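Residue numbers (my numbering): 435 to 521.
Heads up, the beta-carbon is just placed ideally off N, CA and C, and yes, glycines get one too.
Here the structure is a predicted model, which is why all the values come from computation and not from measurement.
Notes to accompany the following structure.
Right, here's the structure in full:
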């Protein structure tokens, strides 16, 4: 979970031009001035970084950085379990 959190925070901080240490799991997207367009752009970068696909409807439920990290972890877990059973 730590690696996922670190990478998500790096992506968000780079995207918004803010120091990574200013972004925590409890930071809300409102606090970070992340609007819906920013959220879409960040989600594209996260998808590419983790080789996952974030469902569009899931984006609307994300309110904090922690929400994003939890969602990514679930998608990675689901992706890896379907990949290993398909082999």
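- Nearest C-alpha to residue 498 among 473, 437 and 436: 473.
- By the C-beta density criterion, residue 477 is buried, having at least 16 other C-beta atoms within 10 angstroms.
- Here residue 516 carries a helix assignment [DSSP, helix/strand/coil].
- In the DSSP assignment, the residues bridged to residue 462 are 498.
- Counting other Cβ atoms within 10 Å of its Cβ, residue 439 reaches 16 or more and is therefore classed as buried.
- With fewer than 16 neighbouring CB atoms inside 10 Å of its own CB, residue 451 falls in the exposed class.
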